[in-house]
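Asker: Structure incoming, see below.
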Amino acid sequence: MALKAESNISISLIIVIAIMALPAALYATDWTGGLTTVVPGVALAIFVIGFIRRILLWAKSPVPFRIPTTCGQEKSLPWIKSAPFENPSGIPGVIGRMALEILLFRSLFRNSDVEIIDRRPVYGSTGWLWFFGLIFHGSLLVIILRHLRFFTEPILPGIAALSAVDGFFELAVPTLYLSDVLLLAAVIFLFVRRIVNAQLRYISQVPDYFALLLIAAIAATGLWMRHIQPTDLEQVKALVMGWVTLSPYSPQSVGVVFFIHLFLICVLLAWFPFSKLMHAGGIFLSPTRNLANNSRSLRHINPWNGPVPVHTYEEYEDEFRDKMKAAGLPVEKE
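Residue numbering for the sequence shown follows my numbering, starting at 0 and increasing by one per position.
Now the structure itself:
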């Protein structure tokens, strides 16, 4: 099992290194125009088409029955206290449950871990997983919002304030953003967890390690450009605004690390709809989360059930009335 994990990690690492080497080689041959125009355009097209296709496939998946995952009292009689979030019976409860899932990862917070110690199951908390998972997604969201300053002119209201709050500690020059550090720390935790946890290591495949290493490489190259080898942000702004206005622009003197960073993002964008990262959109279409458990108050009939030839009791009695009377069985009609 250890050899399998090492092999998967090695393959993932080799793929990430190869992805980073490709734009570096193209930069050395002065083919930067394709890296700033063709590659981002193709990646965006793959992302949009793939994302929409996956959502439509999920939306068309049949869900004939109410199958929400519940762990609380269903609404029934007025004097029995129900659990509106654990077992929602209407749309408000579903909205509240979905909000808690998406914003606070409530089910992950309630999750428990189990180990066999002295031939007995011992249960424990997975609070660290919830904490770093929340840190990872929150930091990633903040970083994406901060990068919106490159896509608009003037900068959207609130983006400057968000950057100021993110750099509140004013560490280093230029300011070290807290979200950058937390994102890298969360990725390291999630990666180490996959290695240390034997059960998780057993089921982890190349795509699982590749996703974490790819995001770590994006974060590392971003930190490199900001704190070690600063990049001309005006050139980057001109490049991005060229995308927005459909006026291609070739940046000058931005350095090879920028092209590596950009290419890594394009790879992540193109791979996103075909990976497990697609849970970002799938969570909204999960029938175990977005359905109300109202089977006691409403009867849900499978719409695909065709007419079934049945033998009613009246027909049964008409057929066997004489035999039923002979056997002394009661009949409705004489």
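We put the CB at the ideal spot given by N, CA and C, even for glycine.
Beta-carbon separation of Trp303 and Pro63 under 8 Å?
Answerer: Indexing the sequence shown from 1 puts residue 303 at position 304. Indexing the sequence shown from 1 puts residue 63 at position 64. The answer is yes: Cβ separation under 8 Å.
Asker: Shortest alpha-carbon distance to Ile13 belongs to which of Tyr208, Arg288, Glu233?
Answerer: Taking the first residue of the sequence shown as 1, we reach residue 13 at position 14. Among Tyr208, Arg288, Glu233, the Cα nearest to that of Ile13 belongs to Tyr208.
Asker: In terms of residues, what are the limits of the beta strand (DSSP E) holding Pro120?
Answerer: What you label residue 120 is simply residue 121 of the sequence shown in a count that begins at 1. That run of the beta strand (DSSP E) goes 119 to 124.
Asker: Give the DSSP bridge partners of Asp112, in chain order.
Answerer: Working through the sequence shown from its first residue, we reach residue 112 at position 113. According to DSSP, Asp112 bridges with Gly123.
Asker: Please determine, among Val121, Tyr201, Trp270, Val309, the residue with the shortest C-alpha to C-alpha distance to Ala210.
Answerer: By 1-based counting over the sequence shown, the position of residue 210 is 211. Closest option to Ala210, Cα to Cα, is Trp270.
Asker: Using the C-alpha atoms, what's the distance from Thr311 back to Met323?
Answerer: On the sequence shown, position 324 is the one that residue 323 refers to. On the sequence shown, position 312 is the one that residue 311 refers to. About 16 Å.
Asker: Do Phe273 and Thr31 come within 8 Å of each other at the CB atom, strictly closer than that value?
Answerer: Stepping through the sequence shown from its first residue, residue 31 is reached at position 32. Stepping through the sequence shown from its first residue, residue 273 is reached at position 274. No, these two residues do not count as a Cβ contact at 8 Å.
Asker: Counting only runs of 4+ residues fully inside the stretch 45 to 111, write out the alpha helix (DSSP H) ranges in chain order.
Answerer: Within the stretch 45 to 111, the complete alpha helix (DSSP H) runs of at least 4 residues are 90 to 103, 105 to 109.
Asker: Do you know how far the Cα of Asn289 is from the Cα of Gly241?
Answerer: What you label residue 241 is simply residue 242 of the sequence shown in a count that begins at 1. What you label residue 289 is simply residue 290 of the sequence shown in a count that begins at 1. Distance between the alpha carbons of Gly241 and Asn289: 40 Å.
Asker: So, is Leu111 buried or exposed, given that buried needs 16 or more other C-beta atoms within 10 angstroms?
Answerer: By one-based count along the sequence shown, residue 111 stands at place 112. In the sequence as presented, Leu is not what sits at residue 111; that position holds Ser. Burial call: exposed.
Asker: According to DSSP, simplified to helix, strand and coil, what is Val266?
Answerer: As a working mapping, residue 266 is identified with position 267 in the sequence shown. Looking at Val266 - three-state DSSP - the assignment turns out to be helix.
Asker: Within the same chain, show all residues whose beta-carbon is closer than 6 Å to that of Thr174, passing over the 5 residues directly before and after it, in chain order.
Answerer: The residue you call residue 174 lines up with position 175 of the sequence shown. Cβ within range, chain order: Gly166.
Asker: Check for me: the alpha helix (DSSP H) holding Arg148 runs from which residue to which?
Answerer: For the purposes of this step, residue 148 is identified with residue 149 of the sequence shown, where counting begins at 1. First-last for Arg148: undefined, no H or E at that position.
Asker: With DSSP as the reference, label Asn7 as helix, strand or coil.
Answerer: Your numbering for residue 7 matches position 8 in the sequence shown. Correct three-state label for Asn7: helix.
Asker: So, with DSSP's three-state summary, where would you put Tyr208?
Answerer: In the sequence shown, residue 208 corresponds to position 209, counting from 1. Residue state for Tyr208 is assigned as helix, using DSSP reduced to three classes.
Asker: Along the chain, where does the alpha helix (DSSP H) that runs through Trp30 open and close?
Answerer: Taking the sequence shown and counting its residues from 1, the one referred to as residue 30 is at position 31. Run containing Trp30: none; DSSP gives neither H nor E here.
Asker: Restricting to Cα atoms, I'd like to know which of Ile187, Val239, Asn301, Ser285 is closest to Pro39.
Answerer: Within the sequence shown, the letter at position 40 stands for residue 39. The candidate whose alpha carbon is nearest that of Pro39 is Val239.
Asker: State the CB to CB distance for the pair Trp129 and Leu107, rounded to an integer number of angstroms; the pair is presumed to be in contact (CB under 8 Å).
Answerer: Here residue 129 refers to the residue found at position 130 of the sequence shown. Here residue 107 refers to the residue found at position 108 of the sequence shown. So it is a contact: roughly 5 Å between Cβ atoms.
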